[in-house]
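S.K.: My questions will all concern the structure given below.
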Amino acid sequence: MKKVIVPELNSEPFKGFVKELNLAVSRSELAANERYEDHFEPQSLRFLKQDAKYPEGNCWHNCYRYVYYNSGQVVFGWLIFEIVNDRFVAQNHAVVRGDDGNLFDPTHCSVVNTNGVFVPDLRAKIQYENLRAPGSFELLESGRKIWTDGKGESENLMYRKFGDSKQLQDHIAKYVTDI
């Protein structure tokens, strides 16, 4: 397991990255989507103890499932971590807002961190009807801004696509109530 650098919420480089991310999303086809009340306010995030019921790579599905069996609200947005020397990556992600209003992540993660930074952004919601979710955003050392989908990169918004399956359709039918 590796430890990632958790950004300092008040650092100027972090604030600059969040501003660039917001601009990039605002210039994409996601711009017209609804927003949360706490839209783009960076918040601390607590990672729950690892549980194999919530596997890595399935955050959206895991959060819907967690809320179904427990309580809370699924929140979409960006998990932000620092790579090195004030370089950041914003990974499309989902977490749960607990009944106390705090954010936590039930998804099993390959990092040893107990906390992280999350930026709520309803525009970044998984698109179950299209079987896709926005990719990740990175500001390179050169100043170039890129989107990635795990297979390539572009200066324009990219999506990670999901293969359709009976298992996914069953999941959507059972857990997802807000399509």
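So the sequence shown is residues 2 to 180, counted in my numbering.
Beta carbons are placed, not taken as given, at the ideal position from N, Cα and C, and that holds for glycine.
For clarity, every value in this text was computed on a predicted model and none was experimentally measured.
Excluding the 5 residues flanking residue 156 on each side, which residues of the same chain have their C-beta closer than 6 Å to its C-beta?
M.R.: Within the sequence shown, numbered from 1, the residue matching residue 156 stands at position 155. None.
S.K.: Check each candidate in 60, 41, 21 and name the one with the smallest Cα separation from residue 106.
M.R.: Indexing the sequence shown from 1 puts residue 106 at position 105. The option with the nearest alpha carbon to residue 106 is 60.
S.K.: Note down, in chain order, each residue of its chain lying with its Cβ closer than 7 Å to the Cβ of residue 135, except the 5 sequence neighbours on either side.
M.R.: Here residue 135 refers to the residue found at position 134 when the sequence shown is read from its first residue. Hits under 7 Å: 31, 93, 125, 158, 160.
S.K.: Evaluate residue 53 with the Cβ neighbour count: other Cβ atoms within 10 Å of its Cβ, from every protein chain shown; 16 or more gives buried, anything less gives exposed.
M.R.: Along the sequence shown, one-based indexing puts residue 53 at 52. Per the 10 Å Cβ criterion, exposed.
S.K.: Pull up the distance between the alpha-carbon of residue 71 and that of residue 173, whole angstroms please.
M.R.: Your numbering for residue 71 matches position 70 in the sequence shown. Your numbering for residue 173 matches position 172 in the sequence shown. C-alpha separation (whole angstroms): 17 Å.
S.K.: In its own chain, which residues sit with a C-beta less than 6 Å from the C-beta of residue 47, not counting the 5 before and 5 after it?
M.R.: The residue labelled residue 47 in the question sits at position 46 within the sequence shown. These residues qualify, in order along the chain: 105, 116.
S.K.: From what residue to what residue does the beta strand (DSSP E) around residue 45 run?
M.R.: Here the question's residue 45 lines up with position 44 in the sequence shown. It spans 44 to 48 - the beta strand (DSSP E) in which residue 45 sits, taken as one unbroken run.
S.K.: Take residue 128 and list the residues in its own chain whose beta-carbon comes closer than 7 Å to its own, dropping the five residues that flank it on each side.
M.R.: In the sequence shown, the residue the question calls residue 128 occupies position 127. Cβ neighbours of residue 128 beyond the five flanking positions: 134.
S.K.: Alpha carbon to alpha carbon, what distance is there between residue 167 and residue 142?
M.R.: Residue mapping note: residue 142 aligns to position 141 of the sequence shown, counting from 1. Residue mapping note: residue 167 aligns to position 166 of the sequence shown, counting from 1. Cα to Cα, the separation comes out at about 42 Å.
S.K.: Helix, strand or coil, according to DSSP, for residue 27 in the structure here?
M.R.: Sequence index remark: in the sequence shown, residue 27 carries index 26 (1-based). Helix at residue 27.
S.K.: Rounding to the nearest angstrom, what Cα-Cα distance links residue 78 and residue 175 in this structure?
M.R.: Within the sequence shown, numbered from 1, the residue matching residue 78 stands at position 77. Within the sequence shown, numbered from 1, the residue matching residue 175 stands at position 174. Those two C-alpha atoms are separated by around 23 Å.
S.K.: Is residue 15 closer than 9 Å to residue 118 when the C-beta atoms are compared?
M.R.: Locating residue 118 in the sequence shown gives position 117, where the first residue counts as 1. Locating residue 15 in the sequence shown gives position 14, where the first residue counts as 1. Yes, the pair counts as a contact, with Cβ atoms nearer than the cut-off.
S.K.: Taking residue 81 as the reference, which of 6, 35, 162, 154 has the closest Cα?
M.R.: As a first step, residue 81 must be located in the sequence shown, where it is residue number 80. Looking at the Cα atoms, 6 is the closest of the given residues.
S.K.: Got a sec, what are the start and stop residues for the alpha helix (DSSP H) residue 169 sits in?
M.R.: Against the sequence shown, residue 169 aligns to sequence position 168. First-last of the alpha helix (DSSP H) with residue 169: 167 to 176.
S.K.: With DSSP as the reference, identify every bridge partner of residue 93, one or two as the case may be.
M.R.: Residue numbering aside, residue 93 sits at position 92 when the sequence shown is read from its first letter. DSSP output for residue 93 lists 79 as bridge partner(s).
S.K.: Whole angstroms are fine: how far does the CA of residue 144 sit from the CA of residue 108?
M.R.: For the purposes of this step, residue 108 is taken as the residue at position 107 of the sequence shown. For the purposes of this step, residue 144 is taken as the residue at position 143 of the sequence shown. Roughly 31 Å between the two C-alpha positions.
S.K.: Kindly indicate the opening and closing residues of the alpha helix (DSSP H) around residue 63.
M.R.: For the purposes of this step, residue 63 is taken as the residue at position 62 of the sequence shown. 60 to 70 is the span of the alpha helix (DSSP H), which, as asked, contains residue 63.
S.K.: At what residues does the beta strand (DSSP E) containing residue 146 begin and finish?
M.R.: Here residue 146 corresponds to residue number 145 of the sequence shown, with the count starting at 1. 146 to 149 is the extent of the beta strand (DSSP E) around residue 146.
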